[in-house]
Amino acid sequence: MTSTDNKQDRRRGHAATPRTARRFSLTRRSKRTGPDLAAQADTAATLAAAQSAGMITTRRHPPTRKKWLDRWGWYEIRVEGAWTTTRQGEALNLATMRRSVRHEGLLTGLNKISQSGVITDPYALYGSEIENINIAVIGDIGKAKSSLIKTAMCLRQLALPNRQVVVIDKKRQGNKGGEYSGIADAVGAGSIRFRTGTTGMRINLLDPAIATGVERTDGVAPAGQEALVGAVIEDTMGRPLVETEKAALGLALQVVNDRAARENREPILMELADELLGPSAGSGAAFGDQWAQESRRWGLNPGLALRELCLGDLKGLVDGATSPEVRAALDHPFVHFDVSALPNKGPALRVIMTVINTWLANVLASRSARHMQTLLLVEEGWHVADGSTGKVFRENMKLSRGLGLSTVSAFHHISDLPVDSPARALMKEAGIVFLYGQDRVEDAEETARMYHLPPGSTEIIMSLAKGHCLVKYGNADPILMEHVRSDLEIALTDTDEVIKGAAA
570 MTSTDNKQDR RRGHAATPRT ARRFSLTRRS KRTGPDLAAQ ADTAATLAAA
620 QSAGMITTRR HPPTRKKWLD RWGWYEIRVE GAWTTTRQGE ALNLATMRRS
670 VRHEGLLTGL NKISQSGVIT DPYALYGSEI ENINIAVIGD IGKAKSSLIK
720 TAMCLRQLAL PNRQVVVIDK KRQGNKGGEY SGIADAVGAG SIRFRTGTTG
770 MRINLLDPAI ATGVERTDGV APAGQEALVG AVIEDTMGRP LVETEKAALG
820 LALQVVNDRA ARENREPILM ELADELLGPS AGSGAAFGDQ WAQESRRWGL
870 NPGLALRELC LGDLKGLVDG ATSPEVRAAL DHPFVHFDVS ALPNKGPALR
920 VIMTVINTWL ANVLASRSAR HMQTLLLVEE GWHVADGSTG KVFRENMKLS
970 RGLGLSTVSA FHHISDLPVD SPARALMKEA GIVFLYGQDR VEDAEETARM
1020 YHLPPGSTEI IMSLAKGHCL VKYGNADPIL MEHVRSDLEI ALTDTDEVIK
1070 GAAA
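Residue 570 is where the sequence shown starts when you use the numbering used here, and the numbers rise one by one after that.
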């Protein structure tokens, strides 16, 4: 090494090497030259033989960088690595979400975070994830709520044994009737169509299948005739019944049921109205001698209300014996009650929905030994929320575990409902909630507030695309899910043919 190189090394920060150390280093290096050259020759010969035989492939070594060329910028600048710490390096090893290992139940969609399947089968989740098998679907119009209900809660349920789906179909689809008419035709089930007048089906408000107040041995007691008829009368009169009217109604029901049982037939609603307006001779003796004559006037207002319903809004709906087609429909796994022809205004729609719900609950209670798992689908849930009949509907929902009956109801705008609205109580009764997109800020905020969603959920709800929703069951955090449909399900759930003018 020359003195010039030594000076340059000092300027670069290197310590000067003593002459003695350099001399000994050269001596040691010269002594090792002989053996190293022989070993290198043997290694080179071995590698050459292996390479010629095609056993190995050697890669050319990168060219040696000369210092003086490197100093004058002949080569590319060497990139210096970025300095970091252990804490900062945690971001380079992101955690992956564990996929769900659950396999029981029907698949509903795809978890957009973990890319795993989402199961929302209420009967499969019961006991481990939820304690309430009722379901609520909330979202703006056109967000694919109906497609979810038709597939996950209807078509896929029919593939399992011991499952039954009952639909109260309110939304009309052209001249075909309700939206579920196509599904009913596809699975070979008849549609039970209700319409005012004398040409539609009837479901008797006084059907013997509806309990008359007798205590059941299984402890499950849905609403009986007196509670159901009383709720219908209260909605018609616009006020609750007083004690004397309740007493007259209970006595008239007993007289009418006993008479029909002796004659081996069903009692009808008009017969009850006549009994309230003109009680049978001696029936008032149950109230004692002092009130026997006075009690004949107690049923005047309830009797007039029932007579008005039988001759007006409910004519041909609940004022006769239950149609045989209605009873036979329960033998099929899919039961379609088409109420799309009923008017939205007036008590007819709400009453018929509540009567179907109560009649079904009593039928399920009487056959509870069969352990049938039944889903009741009500897409227009706000119809059954208000009034005294809505109270009966909600009371029947509380018996879902004993009846094996899961009620699936759909709603649109939460902010339009008062805080003490019965519809809100119906939403809170759900153990599984599907939250679809909302276009209005107040609806998204009210949804997040009602279900105690994490911060930032309002923005997520407003940005959800069609077919995407937040799924919340039990106390778990919501899951971002994409609803997945097969080609057959897409065809059966299409409801745009009327708008487009042709079948899609």
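Glycine included, C-beta positions come from ideal geometry on N, C-alpha and C.
Per DSSP, what kind of secondary structure is residue i in: helix, strand or coil?
i       : result
Ser975  : strand
Leu911  : coil
Gly769  : coil
Arg601  : Low confidence applies here, because Arg601 scores a pLDDT of 48, under 50, leaving its location unreliable; read the following figure in that light. Of the three classes helix, strand and coil, the one that applies to Arg601 here is helix, per DSSP.
Tyr749  : coil
Arg741  : strand
Arg785  : Unreliable positioning characterises Arg785 in this predicted model, as indicated by a pLDDT of 48, which lies under 50. A coordinate reading is not provided.
Ile699  : strand
Asp1056 : helix
Thr1064 : coil
Ala821  : helix
Arg592  : The predicted position of Arg592 is uncertain, since its pLDDT is 49 and thus under 50; a value taken from the coordinates is nonetheless stated next. The answer is helix: DSSP assigns Arg592 an H, G or I state.
Trp928  : helix
Tyr1020 : coil
Which one or two residues does DSSP pair with residue i in a beta bridge?
i       : result
Phe1003 : Val706 and Val1040
Gln733  : Thr943
Phe980  : Ile707
Phe903  : Val734
Going by DSSP, what residue range makes up the beta strand (DSSP E) through residue i?
i      : result
Gly686 : Gly686 to Ile688
Asn680 : Leu676 to Asn680
Ile761 : Ser760 to Arg762
Given a cut-off of 7 Å, decide if residue j and residue i are closer than it, judged by their beta-carbon atoms.
i       : j       : result
Asp738  : Gly751  : no
Gly678  : Asp690  : no
Gln794  : Leu818  : no
Leu797  : Glu803  : no
Tyr1020 : Lys1041 : yes
Gly708  : Tyr1005 : yes
Ala1017 : Ala705  : no
Thr1062 : Lys712  : no
Phe962  : Thr923  : yes
Gly889  : Ile921  : no
Please report the residue range of the alpha helix (DSSP H) in which residue i lies.
i       : result
Ser716  : Lys714 to Lys719
Gln794  : Gln794 to Met806
Leu1049 : Counting along the chain, Leu1049 falls outside any alpha helix (DSSP H), though it belongs to the beta strand (DSSP E) covering Ile1048 to His1052.
Ser1026 : Ser1026 to Ser1032
Tyr644  : That residue, Tyr644, is in no alpha helix (DSSP H); it is neither H nor E in DSSP.
Arg993  : Pro991 to Lys997
Asp858  : From DSSP, Asp858 is part of no alpha helix (DSSP H); its letter is neither H nor E.
Looking only at C-alpha atoms, which of the options sits nearest to residue i?
i       : options                            : result
Ile1085 : Thr653, Ala796, Pro1047 and Ala897 : Absent from the model: residue 1085. The displayed extent of the chain is 570 to 1073, so no value can be given.
Arg762  : Asp858, Met770 and Ala930          : Met770
Ala898  : Val736, Leu1004 and Val1002        : Val736
Trp928  : Lys635, Pro777, Asp709 and Arg764  : Pro777
Met722  : Gln942, Phe856 and Glu840          : Gln942
Asn731  : Glu700, Gly658, His901 and Trp637  : His901
Pro949  : Thr615, Glu1028 and Ala992         : Rather than Pro, the amino acid found at residue 949 in this sequence is Glu. Cα-wise, what sits closest to Glu949 is Ala992.
Leu972  : Tyr1005, Ala622, Leu933 and Ile983 : Leu933
Ala910  : Val904, Val895, Gly885 and Ala842  : Gly885
Phe903  : Val756, His672, Thr923 and Thr612  : Val756
Met839  : Arg866, Ala830, Pro871 and Gly696  : Pro871
Ser1055 : Leu974, Glu700, Arg634 and Leu724  : Leu724
Gly696  : Ile1030, Asp985 and Arg970         : Arg970
Arg1009 : Glu964, Ser1032 and Val1002        : Ser1032
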